[in-house]
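S.K.: Below is one structure. I have some questions about it.
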Amino acid sequence: MGSKLIILLVIILGVLAIAQLVRVNELTAKHAKRKEEDIPHRDNMFNSRMMLLFMIGLYVGFIYLMLEYGYVGMGPAASAHGQDVDWLLNLNFVIIIAIFFLTNTLLFVFAWKYVKRPGVKAFFYPHNNRLEMIWTVIPAAVLAVIIILGLRTWNDITTRAGAESENIELFSYQFGWTARYAGMNNELGKFDYKLTTADNPYALMTRDNIDASLEIMKVGGPGQEGVELIEDKLNDPSVIMSREDRDALRTELGRKERMVSLLQGMSATFNDSLNELANDDVILADSLVLLKGQHYNFSFRSKDVIHSAYFPHFRAQMNTVPGMTTYFKFQPLFTTGEMKEKMNSEDFEYILMCNKICGGSHYKMKMAVAVLGPEEYLSWQKSKMTYDGSPWLDFNDSERAAKEAELLEKYVEISSRVEEGEGK
Amino acid sequence: MAAVAHEGNHGHDHHEESFVSKYIFSQDHKMIGKQFLMTAIFMGLIAMMLSIFFRIQLGWPGESSDFLNTFLGDRWAPDGILNQDMYLGLVTIHGTIMVFFVLTGGLSGTFSNLLIPLQLGARDMASGMLNMLSYWMFALSSLIMLVSLFVESGPAMSGWTVYPPLSALPQAVSGSGMGMTLWLTSMTIFIASSLIGSLNYIVTVLNLRTKGMKMTRMPLTIWAFLVTAILGVLSFPVLLSAALLLLMDRTMGTSFYLSDIIVGGEMLDNVGGSPILYQHLFWFLGHPEVYIVLLPALGLSSEIISTNSRKPIFGYRAMIGSILAIGFLSFIVWGHHMFVTGMNPFLGSVFVFTTLLIAIPSAVKVFNYITTLWKGSIVYTPGMLFAIGLVSTFITGGVTGIILADSALDISVHDTYFVVAHFHVVMGLSAIFGMFAGIYHWFPKMYGKLMNNRLGYAHFWITIICGYGVFLPMHFVGLGGAPRRYYDYSVYEGFNPDAAEMMIDLNVVISIFAIIGAMGQILFFFNFFYSIFRGQRSPQNPWNSNTLEWTTPVEHIHGNWPGDLPTVHRWPYDYSKPGMENDFIPQDVPLMEGEEEH
Chain A
1 MGSKLIILLV
11 IILGVLAIAQ
21 LVRVNELTAK
31 HAKRKEEDIP
41 HRDNMFNSRM
51 MLLFMIGLYV
61 GFIYLMLEYG
71 YVGMGPAASA
81 HGQDVDWLLN
91 LNFVIIIAIF
101 FLTNTLLFVF
111 AWKYVKRPGV
121 KAFFYPHNNR
131 LEMIWTVIPA
141 AVLAVIIILG
151 LRTWNDITTR
161 AGAESENIEL
171 FSYQFGWTAR
181 YAGMNNELGK
191 FDYKLTTADN
201 PYALMTRDNI
211 DASLEIMKVG
221 GPGQEGVELI
231 EDKLNDPSVI
241 MSREDRDALR
251 TELGRKERMV
261 SLLQGMSATF
271 NDSLNELAND
281 DVILADSLVL
291 LKGQHYNFSF
301 RSKDVIHSAY
311 FPHFRAQMNT
321 VPGMTTYFKF
331 QPLFTTGEMK
341 EKMNSEDFEY
351 ILMCNKICGG
361 SHYKMKMAVA
371 VLGPEEYLSW
381 QKSKMTYDGS
391 PWLDFNDSER
401 AAKEAELLEK
411 YVEISSRVEE
421 GEGK
Chain B
1001 MAAVAHEGNH
1011 GHDHHEESFV
1021 SKYIFSQDHK
1031 MIGKQFLMTA
1041 IFMGLIAMML
1051 SIFFRIQLGW
1061 PGESSDFLNT
1071 FLGDRWAPDG
1081 ILNQDMYLGL
1091 VTIHGTIMVF
1101 FVLTGGLSGT
1111 FSNLLIPLQL
1121 GARDMASGML
1131 NMLSYWMFAL
1141 SSLIMLVSLF
1151 VESGPAMSGW
1161 TVYPPLSALP
1171 QAVSGSGMGM
1181 TLWLTSMTIF
1191 IASSLIGSLN
1201 YIVTVLNLRT
1211 KGMKMTRMPL
1221 TIWAFLVTAI
1231 LGVLSFPVLL
1241 SAALLLLMDR
1251 TMGTSFYLSD
1261 IIVGGEMLDN
1271 VGGSPILYQH
1281 LFWFLGHPEV
1291 YIVLLPALGL
1301 SSEIISTNSR
1311 KPIFGYRAMI
1321 GSILAIGFLS
1331 FIVWGHHMFV
1341 TGMNPFLGSV
1351 FVFTTLLIAI
1361 PSAVKVFNYI
1371 TTLWKGSIVY
1381 TPGMLFAIGL
1391 VSTFITGGVT
1401 GIILADSALD
1411 ISVHDTYFVV
1421 AHFHVVMGLS
1431 AIFGMFAGIY
1441 HWFPKMYGKL
1451 MNNRLGYAHF
1461 WITIICGYGV
1471 FLPMHFVGLG
1481 GAPRRYYDYS
1491 VYEGFNPDAA
1501 EMMIDLNVVI
1511 SIFAIIGAMG
1521 QILFFFNFFY
1531 SIFRGQRSPQ
1541 NPWNSNTLEW
1551 TTPVEHIHGN
1561 WPGDLPTVHR
1571 WPYDYSKPGM
1581 ENDFIPQDVP
1591 LMEGEEEH
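Residue numbers (our numbering), protein chains in the order written: chain A, 1 to 424; chain B, 1001 to 1598.
So, in structure tokens, the structure goes:
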């Protein structure tokens, strides 16, 4: 309470002090017969010098920030396209910082130099077509370069991923991420949001899941009543309900019956060969693990509201939109260990963050990302299970050693592409 | 004085006006302009306070603050720590008020109303009645927006862009309940107000120019207001439809924006809608809106810079061309807000191209301002200081737009503090500077008094130093990868300690500058209200300006000119014309024998 009083007092005293200063100013002005509309020479000179001083201060501040913080933060781009983006970003920064200095200098120097001086009349100079042509054409030419280079990079980034890419789906919800790897067949299982249940949080489409959802709608499941029970309730004359409750229950029944018919339709058209697509997917709720040098094709899905998958270090970002699948592809270039060295920090980790306002805990919606070398990636992979509970690398004992060696060789080859200069 | 003013006031009603019809339900454009200004100043004060609340959280996250608890209470700041939902609410309402209520209603509403009839030589707006209606709808919508802050479930919390599904689902965030309903109601009324106002401005400019006031003799202020009004008329209806569809999704079970959603454990029926549709509709207004905010500020500063440099504005016709080009292009660039929404990349390429084109007319404007200063005889009124500040911040904020317009580069800075810094330099500094410049310059016309210059100087220098102090470092926070609308950046600590340290350090600096800058505005508020009552009386033409508003009597009269309307003989920028005695020649002075029109 005491501190509030003091703050209030300071503000009141401050305003009173200003009032007194203004009063003094007015009295001296009256004494000197100065009018507010006639700006005295002294005031003009003060402001013109301040213009110059301010410019210098602005530049010093800007240069200090640039030296101190210009290279902190995201670090070097850790993806192939990210390096192109950074090159282009730097080029753009060179251009705009040059414009910033040039035009601000002209502005403030003129503001300082051409202050009103006794006996000097302003120069009547209404227009000059040639000058105006110059500063239309030069910006246009610079922009043409920026546009051409920008669109070239943009096209590279947004072309469809090639067949060699590995497919991963990132599923977003308030407030977290789940990664789903496509497994050995490199094809993601189908999904439909209507199949979402406690046992099937990612709404994967398999025969079992469709049946389970139908079952819940028909006879009920944990925490919810099925169609049959609701019908019984509505038809049972011994159940006494208010009119509102009855109406609500009828609406509920209508919804569930509609769901049942939709699910039955799904069940009728479902092709059992699709089971396998989902069953060999690998779901990872706590982190995203990538292989250095591998091309990845990410697809994004959202459960509730719009989120955005932001990987600052890979210069990658894509919104996740409910009802719509979005895509982004990139190729990580450095393992987490290598990046720790580049960032000169033992504690560095790659991160995936949400970058679209999505609710109160938006700022906590993140997932750790790790990029591994071939050996570590393979041994990590060996410990993971697929959706139907079998190991990711499901080899017979007899052929395991040979298959794993084959995989390792492939991974080494993928990772070594980076050193050989693919993607810079 | 009043007697003099009434003399020869033929053809106009002489009856004494009652307090209500003069000060409250006035149909006089000058009074309505002042009403817009007062409301906008009040709303600006509120929005600034909201920003200080969340700057305290960002500068000193998790630290208890008596100040927050005093204002937000135990509901939203228990133990003096800001609630994370309310943080989003503050950000949302700060943005909404600043963009719509201060910089659209306040800036265009105040100065279009005040200056269009006065600078064109008209007795009033085309429709005084609609003009009054426009203000009162604005006042009502302001009131509703403020009321939404006091709703138990909180104000709208989905950002000022209110993207669905977040804004459509109360299950997703508490502010999407009653708070969002009030937001939509308020904005619907606001849009109606803005439309009525804009139509009135357009009709007045096209039809009520006095004799001799050709389109090419209009001051640049009027050109800016005209194009602004056209942008408003063409784009606000689209926002209205977006808001109505959202309202229907929220209340009537339609699925314009909703599809395949499970929220709070509940499976929604909505299928087939697209949240992206909303974004297209929103930004179809949203981008022209940037120029609805900016063009009036540029118009005002053109006038102020020319008058106080005692030089004609350089390249008058090029300036008109730039305003028109910017206005036109602003309609075909909205997609640059949506590069990472999953929109077709080819469409993205088109928007890159059109967006970067806007840099050309903008560059022309900047160079023309600078050339206007060259070899001038600059008089530093506070208005002039703010106008020069506007040019500097327009440059600084404009160049970073080049990066954001480039889709390939936008990917890595989209929705980070780099964007926040960019649009705050352009709108929060440049457009606000234009508004301050306008207030200082036309205060004598509004209140017949002069503001204190030296307080104005102090106000300007504190504001520009703090303004840059807040927003320059913010660019670096963004380049370090800090997403906007985060309640706390400690999330970085476990991932990138250097970046975390930078964000925490710079956020303290930014918050300190923001608090000092906000305190600095006390100088303005004091100067403004003190001068209304006790300022020095203004002469008729305090800044020796050429435009017609300075030929009206200082004391406001209904109908503006006591006698006949003035006739215009020349453009408004005859300053320091060679061979002339005075360094200014008002527009109603006939050409001398043998004199050529510039």
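Every residue, glycine too, gets a C-beta built ideally from N, C-alpha and C.
The structure presented is a predicted model; accordingly, all values stated were derived computationally and were not measured.
(1) The segment 1177-1204 of chain B: which residues have C-beta closer than 8 Å to a C-beta of chain A, in chain order?
(2) If we ignore side chains and look at the alpha-carbon of each, how far apart do B:His1475 and B:Tyr1468 end up?
(3) Going by DSSP, which residues form a beta bridge with A:Ile351?
(4) Taking the alpha-carbon positions, what's the B:Ser1274 to A:Trp392 distance?
(5) Can you list, in chain order, the residues of its chain whose CB lies under 7 Å from that of B:Glu1595, leaving out five sequence neighbours each side?
(6) Taking the straight line between their C-alpha atoms, what separation do you get for B:Pro1219 and B:Glu1597?
(7) Select from the segment 360-394 of chain A all residues with a C-beta closer than 8 Å to any C-beta belonging to chain B, and list them in chain order.
(8) Which whole-angstrom value is the C-beta distance of B:Gly1179 and B:Ser1148, which I expect to be below 8 Å?
(9) Identify whether B:Glu1303 lies in helix, strand or coil by the three-state DSSP scheme.
(10) Alpha carbon to alpha carbon, what distance is there between A:Thr105 and A:Lys113?
(11) Output the distance between the C-alpha atoms of B:Met1001 and B:His1556, rounded to the nearest integer angstrom.
(12) Relative to the alpha-carbon of B:Gln1279, which residue among B:Ile1360, B:Thr1341, B:Arg1537, B:Asp1564 has its alpha-carbon at the smallest distance?
(13) What would DSSP say about A:Glu164, mapped onto helix, strand or coil?
(14) 8 Å is my cut-off, CB to CB: does B:Leu1140 come that close to chain A?
(15) For A:Asn128, does the count of other Cβ atoms within 10 angstroms reach 16, so buried, or fall short, so exposed?
(16) How is the alpha helix (DSSP H) around A:Asn425 delimited, first residue to last?
(17) State the Cα-Cα distance for the pair A:Thr320 and A:Phe175, rounded to the nearest angstrom.
(18) Let me see if you follow: with CB-CB separation under 8 Å, is B:Lys1577 close to chain A or not?
(19) Counting only Cβ pairs nearer than 9 Å, list the residues of chain B close to A:Glu341.
(20) Would you say the beta carbon of B:Thr1396 is closer than 7 Å to some non-hydrogen atom of the ligand FMN?
(21) Closer than 7 Å by beta-carbon distance: list the chain E residues that pair up with A:Asn319, in chain order.
(22) Work out the CA separation of B:Ala1139 and B:Ser1194 for me, nearest whole Å.
(23) Step through the CB atoms of chain A and report whether any lies within less than 8 Å of the CB of B:Gln1084.
(24) Which complete alpha helix (DSSP H) runs does the segment 1259-1336 of chain B hold, if anything under 4 residues is left out?
(25) Give me, in chain order, the residues of the same chain whose beta-carbon lies closer than 7 Å to that of B:Tyr1291; leave out the 5 immediate sequence neighbours on both sides.
(26) Hey, out of B:Arg1534, B:Pro1539, B:Thr1393, B:Val1589, whose CA is closest to A:Leu27's CA?
(27) Ignore the nearest five residues each way along the sequence and tell me which others in B:Gly1376's own chain have a CB closer than 7 Å to its CB.
(28) So what's A:Tyr310 in DSSP terms, helix, strand or just coil?
(29) Would you tell me roughly how many angstroms separate the C-alpha atoms of A:Leu8 and B:Ala1518, rounded to the nearest one?
(30) How about A:Pro40 and A:Arg34: are their beta carbons less than 8 Å apart?
(31) With A:Val289 as the anchor, note down where its beta strand (DSSP E) starts and where it stops.
(32) Give every residue of the same chain whose Cβ lies closer than 7 Å to the Cβ of B:Val1333, excluding the five residues on either side of it in the sequence, and list them in chain order.
(33) Name the DSSP beta bridge partners of A:Trp177, please?
(34) I want to know whether the segment 386-404 of chain A touches the segment 301-316 of chain A - three or more CB-CB distances under 8 Å.
(35) Do you know how far the Cα of A:Glu36 is from the Cα of B:Asn1452?
(36) Mapping DSSP to helix, strand and coil, what is B:Met1038?
M.R.: So, from the listed chains and residues:
(1) Listed by position along the chain: nothing, the set is empty.
(2) Position 475 of the second sequence, counting from 1, holds the residue named residue 1475 of chain B. Position 468 of the second sequence, counting from 1, holds the residue named residue 1468 of chain B. Roughly 11 Å separates the two Cα atoms.
(3) For the purposes of this step, residue 351 of chain A is taken as residue 351 along the first sequence, with counting starting at 1. Answer by DSSP bridge pairing, in chain order: A:Ala368.
(4) Numbered from its first residue, the second sequence carries residue 1274 of chain B at position 274. Numbered from its first residue, the first sequence carries residue 392 of chain A at position 392. Answer to the nearest angstrom: the Cα atoms are 36 Å apart.
(5) What you label residue 1595 of chain B is simply residue 595 of the second sequence in a count that begins at 1. Closer than 7 Å at the Cβ level, and outside the excluded window around B:Glu1595, lies no residue.
(6) Position 219 of the second sequence, counted from the first residue, corresponds to residue 1219 of chain B. Position 597 of the second sequence, counted from the first residue, corresponds to residue 1597 of chain B. Distance between the alpha carbons of B:Pro1219 and B:Glu1597: 15 Å.
(7) Per Cβ criterion, the list reads Gly360, Ser361, His362, Tyr363, Lys364, Lys366, Ala368.
(8) The sequence position of residue 1179 of chain B within the second sequence is 179, counting from 1. The sequence position of residue 1148 of chain B within the second sequence is 148, counting from 1. So it is a contact: roughly 5 Å between Cβ atoms.
(9) Here residue 1303 of chain B refers to the residue found at position 303 when the second sequence is read from its first residue. The three-state secondary structure of B:Glu1303, taken from DSSP, is helix.
(10) Residue numbering aside, residue 113 of chain A sits at position 113 when the first sequence is read from its first letter. Residue numbering aside, residue 105 of chain A sits at position 105 when the first sequence is read from its first letter. Looking at the two C-alpha atoms, the distance is approximately 12 Å.
(11) If you number the second sequence from 1, residue 1001 of chain B lands on position 1. If you number the second sequence from 1, residue 1556 of chain B lands on position 556. Because the pLDDT of B:Met1001 is 35, which lies under 50, any placement of that residue in the model is unreliable, and the question is left without a value.
(12) Sequence index remark: in the second sequence, residue 1279 of chain B carries index 279 (1-based). Per the Cα distances, B:Thr1341.
(13) To locate residue 164 of chain A, count along the first sequence from 1; it is residue 164. Coil, per DSSP.
(14) The residue given as residue 1140 of chain B occupies position 140 in the second sequence. By this cut-off, B:Leu1140 is not an interface position.
(15) Taking the first residue of the first sequence as position 1, residue 128 of chain A is located at position 128. With fewer than 16 other Cβ atoms inside 10 Å of its own Cβ, A:Asn128 counts as exposed.
(16) Look at the range of chain A in this structure, 1 to 424, and you will see that residue 425 of chain A is not part of it.
(17) Working through the first sequence from its first residue, we reach residue 320 of chain A at position 320. Working through the first sequence from its first residue, we reach residue 175 of chain A at position 175. Here the alpha carbon of A:Thr320 sits roughly 13 Å from the alpha carbon of A:Phe175.
(18) Within the second sequence, numbered from 1, the residue matching residue 1577 of chain B stands at position 577. At least one C-beta of chain A is nearer than 8 Å to the C-beta of B:Lys1577.
(19) As a first step, residue 341 of chain A is located in the first sequence; it is residue number 341 there, counting from the start. Result: empty, since nearest Cβ-Cβ is about 14 Å, beyond 9 Å.
(20) As presented, the structure is devoid of all ligands, the ligand FMN included, so that no description of it is given.
(21) The chain inventory of the structure shown lacks chain E, comprising the protein chains A and B.
(22) Position 194 of the second sequence, counting from 1, holds the residue named residue 1194 of chain B. Position 139 of the second sequence, counting from 1, holds the residue named residue 1139 of chain B. So the alpha carbons of these two residues sit roughly 12 Å apart.
(23) The residue you call residue 1084 of chain B lines up with position 84 of the second sequence. For B:Gln1084, the answer is yes, since a Cβ of chain A falls inside 8 Å of its Cβ.
(24) The alpha helix (DSSP H) runs of length 4 or more contained entirely in the segment 1259-1336 of chain B are, from start to end of the chain, 1275-1309, 1316-1329.
(25) Here residue 1291 of chain B refers to the residue found at position 291 of the second sequence. Hits under 7 Å: Leu1231, Ile1326, Gly1327, Ser1330.
(26) Translated into positions along the first sequence, residue 27 of chain A becomes position 27. The shortest C-alpha to C-alpha distance from A:Leu27 to any of B:Arg1534, B:Pro1539, B:Thr1393, B:Val1589 is the one to B:Arg1534.
(27) As a position in the second sequence, residue 1376 of chain B is number 376, starting the count at 1. Correct list, in chain order: Ser1309, Arg1310, Lys1311.
(28) Residue mapping note: residue 310 of chain A aligns to position 310 of the first sequence, counting from 1. Here DSSP, grouped into helix, strand and coil, assigns A:Tyr310 to strand.
(29) Locating residue 8 of chain A in the first sequence gives position 8, where the first residue counts as 1. Locating residue 1518 of chain B in the second sequence gives position 518, where the first residue counts as 1. Taking C-alpha positions only, A:Leu8 is separated from B:Ala1518 by approximately 15 Å.
(30) For the purposes of this step, residue 40 of chain A is identified with residue 40 of the first sequence, where counting begins at 1. For the purposes of this step, residue 34 of chain A is identified with residue 34 of the first sequence, where counting begins at 1. In this structure, A:Arg34 lies closer than 8 Å to A:Pro40 by Cβ.
(31) By 1-based counting over the first sequence, the position of residue 289 of chain A is 289. In the DSSP assignment, A:Val289 falls within the beta strand (DSSP E) that extends over 287-291.
(32) One-based indexing of the second sequence puts residue 1333 of chain B at position 333. The residues are His1287, Phe1351, Thr1354, Thr1355, Ile1358.
(33) Taking the first residue of the first sequence as position 1, residue 177 of chain A is located at position 177. The partner list for A:Trp177 (beta bridge, DSSP) reads A:Ser172.
(34) Taking a cut-off of 8 Å for Cβ pairs, the segment 386-404 of chain A and the segment 301-316 of chain A do not touch, as fewer than three such pairs fall below it.
(35) The sequence position of residue 1452 of chain B within the second sequence is 452, counting from 1. The sequence position of residue 36 of chain A within the first sequence is 36, counting from 1. Using only the alpha carbons, I get a separation of about 7 Å.
(36) Here residue 1038 of chain B corresponds to residue number 38 of the second sequence, with the count starting at 1. Correct three-state label for B:Met1038: helix.
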